[in-house]
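A.B. asks:
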Amino acid sequence: MKKNYNIGVFDSGVGGTTVLKRIIELLPNENIIYYGDNGNAPYGEKTTKEIQGFCLDIMDFFMMNNCKAVVIACNTATAASLDLIKGRYTVPVIGVISPGAKSAVETSTNKCIGVLSTPFTAASNAYADEIAKYSKTAKVYQEGCPELCPMIEAGWETFEDRETIIKNHISKFPRNVDTVVLGCTHYPIAREDIAKNFCGNIVDPAKETSIALYNTLKNSDLLSDSDAKGKIDFFVSGDKEKFKKVAEQFLGFEIKALYKIEK
């Protein structure tokens, strides 16, 4: 497989750009295809079967576009589809939950960990199961937040009640929780408001996920050997302009190659 093939990164919308940003910082010479499936968002309110169908369609798209590795930059999709995808495709596939769980255990002092996520991820117990692999004694409290993804997709700063909603969700955690995992890749966009209402550690799995990708590519001898800056192509299944506005604001650069997937 050619080293200069693409890396595929996908999410239900703009949230995966929080992971993409870290990947670009760590692997600036890699070519990347980002797929934001905002036409089917929010994933957190869909069934497992529906989410798996979306993910397999995206994987097929990546395979047709010469992707050498794929990052599922979505906690809900990781919880629903990681094992299925790994069983069907031969390219390396990395989810965000395992890196997030590992980082949470390493960060927490008392091993009382809260997870903010979509309702689907919370109900799946994916974080509790994964954290248990790194610490048998850790206590995990999962809080599903149905409002956050749609609000972030629409433009987080435009909602005056955003801090009240955050405060309500964080108040569900016991007082001894010393670490909160941003268990949805959209949530780093709201990190400032989360930090105002939680004084402990905040874990963003994006950094650990990018490191896991780097190590996977290195161990598989798939790191790009190009000295040139990599190109990034964006594809969305829904509203292009809404995606562009929010994504550019977070990424800090102009998105020039943005395409709508017509189904």
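Under UniProt numbering, think of the first position of the sequence shown as 1, with each following residue one higher. Cβ atoms here follow ideal geometry from the backbone N, Cα and C, with glycine treated the same way. Note that the coordinates shown come from a computational prediction; the quantities given were computed from them, not determined experimentally.
(1) Pick from L223, G100 and D161: whose alpha carbon is nearest that of Y134?
(2) Helix, strand or coil: which one does DSSP assign to T137?
(3) Taking its Cβ as the centre, do 16 or more other Cβ atoms sit within 10 Å of Y259, making it buried, or is it exposed?
(4) So, helix, strand or coil for T179, using DSSP?
(5) Under 8 Å: do the stretch 232-250 and the stretch 11-30 share three or more Cβ pairs, one atom per stretch?
(6) Does the stretch 241-256 come into contact with the stretch 43-54, if we say contact requires no fewer than three beta-carbon pairs (one atom in each stretch) closer than 8 Å?
(7) If you count every other CB in all the chains shown that lies within 10 Å of the CB of residue 271, and 16 or more means buried, which is it?
(8) Beta-carbon within less than 8 Å of L82's beta-carbon, same chain only, minus the 5 sequence neighbours each way: which residues are those?
(9) Counting Cβ pairs closer than 8 Å, one from the stretch 101-108 and one from the stretch 117-134, do we hit at least three?
(10) Using only alpha-carbon positions, find the residue among L213, K242 and M59 that is nearest to A154.
(11) Buried or exposed for P188, please, with buried defined as at least 16 other CB atoms from any protein chain shown within 10 angstroms of its CB.
(12) State the Cα-Cα distance for the pair L182 and K244, rounded to the nearest angstrom.
(13) Report the start-end ranges of each beta strand (DSSP E) in the stretch 164-245 that is 3 residues or longer and not cut off at the edges.
(14) Quick one: grab the DSSP three-state call for residue 264.
(15) Rounded to a whole number of angstroms, what is the C-alpha to C-alpha distance between K3 and L27?
(16) Do D178 and S108 come within 8 Å of each other at the CB atom, strictly closer than that value?
(17) Tell me whether F253 is buried or exposed, calling it buried when 16 or more other Cβ atoms sit within 10 Å of its Cβ.
(18) Measure from the alpha carbon of N65 to the alpha carbon of each residue in K263, F234 and I194, then state which is nearest.
(19) Tell me, which residues are paired with N6 by DSSP?
C.D. replies: In short, the structure shows the following:
(1) Start at 1 with the first residue of the sequence shown, and residue 134 comes out as number 134. When C-alpha distances from Y134 are compared across L223, G100 and D161, the shortest belongs to G100.
(2) Counting from 1 along the sequence shown, the entry for residue 137 is found at position 137. DSSP places T137 in coil when its eight states are reduced to three.
(3) Looking up residue 259 in the sequence shown gives position 259. Taking every protein chain shown into account, the CB of Y259 has fewer than 16 other CB atoms within 10 angstroms, so this residue is exposed.
(4) Position 179 of the sequence shown, counted from the first residue, corresponds to residue 179. Of the three classes helix, strand and coil, the one that applies to T179 here is strand, per DSSP.
(5) As far as the Cβ criterion goes, the stretch 232-250 touches the stretch 11-30, which means the pair count is three or higher.
(6) No: fewer than three Cβ pairs fall under 8 Å.
(7) This structure does not reach residue 271, given that the chain is present from 1 up to 263, and the question cannot be answered.
(8) Taking the first residue of the sequence shown as 1, we reach residue 82 at position 82. Around L82: I72, V93, G95 and I97.
(9) Yes, the stretch 101-108 is in contact with the stretch 117-134.
(10) One-based indexing of the sequence shown puts residue 154 at position 154. The residue with the shortest Cα to Cα distance from A154 is K242.
(11) Residue mapping note: residue 188 aligns to position 188 of the sequence shown, counting from 1. Taking all protein chains in view, the Cβ of P188 is crowded by 16 or more other Cβ atoms within 10 Å, so the residue is classified as buried.
(12) Numbered from its first residue, the sequence shown carries residue 182 at position 182. Numbered from its first residue, the sequence shown carries residue 244 at position 244. Each residue's alpha carbon lies about 23 Å from the other.
(13) With a minimum length of 3 residues, the unbroken runs of beta strand (DSSP E) contained wholly in the stretch 164-245 fall at 179-182, 201-203 and 232-236.
(14) Residue 264 lies beyond the residue range present for the chain, which begins at 1 and ends at 263; the question has no answer from this structure.
(15) Against the sequence shown, residue 3 aligns to sequence position 3. Against the sequence shown, residue 27 aligns to sequence position 27. If I take the Cα positions, the gap works out to 13 Å.
(16) Residue numbering aside, residue 108 sits at position 108 when the sequence shown is read from its first letter. Residue numbering aside, residue 178 sits at position 178 when the sequence shown is read from its first letter. A contact, by the Cβ cut-off of 8 Å.
(17) On the sequence shown, residue 253 is found 253 positions in, with the first residue counted as 1. Exposed.
(18) Translated into the one-based positions of the sequence shown, residue 65 becomes position 65. Measuring from the Cα of N65, the nearest candidate turns out to be F234.
(19) Translated into positions along the sequence shown, residue 6 becomes position 6. DSSP lists C67 as partners of N6.
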